[in-house]
Each structure stands twice: as C-alpha cells, then as structure tokens.
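Numbering (UniProt numbering) for the sequence shown: 1 to 284.
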Amino acid sequence: MNIGLDLLFVVAFKMGVMGVAVATVISQLISGLLCLWKIKRDFFILHLEKEDMAFDKTLCGQLLYSGLPMALQFSITAIGSIMLQAAVNSLGSDVIAAVTIGGKTQLMIVLPSETIGITMATYCGQNLGARKLDRIKKGVNQSVFLALGYCVIGFCIAYFAGEYISLLFINKSEVLVLSLVKQFLRTNAFFYPVLGILFIFRNSIQGLGFSVPAMTAGVFELVARGVMGYFIVPKFGYGAVCIANPMAWFAADILLIPVYFWVVKKLNKRFAQPECAADSCLTS
C-alpha cells in the first residue's frame, strides 16, 4: 500500500517529499484500522475487558524488558542508515536517486523473507510459552531453509528483472540512474541469504525474550554502516555504497547466529529444572 501511494502522490500528483510522507502516514493509518477491524471481527481473545485495564507491575516490566530494546534497535539501525546516507549524498544526485530507488525496489523483493522472519517472532514466543523447545528448533531450521530457498528466487528477480521493477519509480530516460540501480540490486542480490538469515535469527531471538542481544546486533549494523560511510565510500565511491548494506548484514549475523544457539542452550537448562514453574522459566 505504501509503495502504491508513493507512486500516486509522487509520480501522479507530483507532491515530491511531502507525497512520500503523506503516503506513509495514510498507509500506516489504514493498516492500523484494518488490524483493529480484524481483531474485532475474528479474534475475540484480544477484545479488551474491564479487568484487562488494571495495571500489572510485573507484566509491565516484562513488556518493557522486551519492548524497549526492540524500539532502540530500530532507532540504532536508522542512525546507521543516516550515517551511510551522509556518504551517499556526497556522491551526487544521480547516486542519491539510484540508492533511494534501489532500496525501494529491494524492499519489494525481500519482503517475503522479511515476513518469514517476523512470523518467527510470534512462532517462537508461542512455543516458548508452551515450553516446546523442540518445536522452536525445528521451526527455526525449517524457516532458514524456506528463507534461503526464497533468496534464490529473490536473486533471480533482482539480478534479471530488478531494473524493470525500478521503472515503477523512475522514467526509463534516466539511463545513468537506471544503470546505477542495476548495479546496486545485482550486488546486493548475492547477499540475500545473509539478509534472510538475519531476519530469521533476529526475530527468533526476540520472540524467545532476549531482546538485548537482538538490539546489540543493530549496534553491529550501525558500526558497519558507519565504517563504510566514513572510511570506505569516500575512497572507493559507489561500488562501496553497493556493498555497505551487505556488510552490515554480515556484521549482525556474526553476533546473531552464535547468540541463537546460546539462547537455546540456556532455555534447555532452564526447562530441565524440575522445580521451575512456567512463568519463572520464561522470565528468569
């Protein structure tokens, strides 16, 4: 919806940056209203009752413990992107346009992998509550294979058809920009498996209640983008821009993969304690 409204307000209505902002706000508003409508119609367990409005200090603490690191993770990732964008801006308007368009096109291509990752947060959380660690491990393994399988499809789309998809955002007369977009997409496409693994393990770790390590992976991304933006891009130019995001994905995976196995090992030890009650196992 956001992409469609971008096209409507920017391409059709010529609203520029304001059009992008309006498209984002409208798409988020409509998505939120649709979610509320779906909850009201089908998910009665989520309907609020009077007793649900009572303040629960313990529950609030658990939610903040999980939620604050997740919120900070998005902020940290955004800061890293801003640091990289500063370097991109120094390379001229054509490069700025190419990176922006390439990023939007790539977002469309990798969306299925991202969706698989988001699903794993809920899946792991539900099975953690049910104390089914075997299902968690099996689900994560299968989701990795599923995401990697889609990465092959995503690679083919980005490598062979990415420039044609980008024509949704730019006129075909912009030959130089299209060439830069093609280079951006083709370079990034080789690293889609790295991104797919990032989606799976980050969301799985968050779903298991370990938000701080997931946030720390965002710090790794920030550092990688900062190094690329301040040291590598000025020296090597646009080619370095094209590998900046993949380097950030690699940096995050270096932490996330071992942390996931550490989390599983830790949870195995917790649930092996016969005296451990369900709630204390999940929060200790």
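Glycine included, each C-beta is placed from N, C-alpha and C at the ideal position.
This one's a predicted model, so the numbers in the text were calculated from it and none came from an experiment.
Spatially closest choice to residue i from the options, by CA coordinates
i    : options                : result
V223 : I200, A252, L195, F160 : A252
T24  : L7, K40, A12, W37      : L7
M83  : N141, Y230, A214       : Y230
G149 : S113, T119, Y238       : S113
L176 : I157, S93, I109, A130  : S93
Pairwise C-alpha distance: residue j and residue i
i    : j    : result
N188 : S66  : 31 Å
C124 : F184 : 34 Å
M70  : I205 : 11 Å
N2   : G19  : 11 Å
L208 : R135 : 13 Å
K38  : L68  : 27 Å
N245 : R186 : 13 Å
F271 : L59  : 21 Å
Q28  : F9   : 15 Å
V17  : V11  : 11 Å
S81  : Y238 : 16 Å
S211 : V233 : 31 Å
K132 : C35  : 29 Å
S75  : L48  : 30 Å
Own chain partners of residue i with C-beta closer than 6 Å, once the 5 adjacent residues on each side are dropped
i    : result
V264 : none
L198 : W249, A252, D253
N127 : R135, I136
M215 : P69, L72, Q73
Close Cβ partners of residue i (< 7 Å) along its chain, the five nearest in sequence each way excluded
i    : result
F201 : L256, I257, Y260
L168 : L7
Residues near residue i by beta carbon distance below 8 Å, same chain, minus five either side
i    : result
V181 : A98, I101, G102, T105, G162, E163, S166, I170
Quiz item: Is the segment 156-164 close to the segment 80-100, with three or more CB pairs under 8 Å?
Solution: no
Practice problem: Taking 8 Å as the threshold, find out whether the segment 139-150 comes into contact with the segment 210-224 through three or more Cβ pairs. | Solution: Between the segment 139-150 and the segment 210-224, the count of C-beta pairs closer than 8 Å stays below three; the two stretches do not touch.
Exercise. Pick out the complete alpha helix (DSSP H) segments inside the segment 11-99, 4 residues or longer, and give them in chain order.
Key: Runs of alpha helix (DSSP H) with 4 or more residues, each lying fully within the segment 11-99, are found at 16-42, 57-89, listed in chain order.
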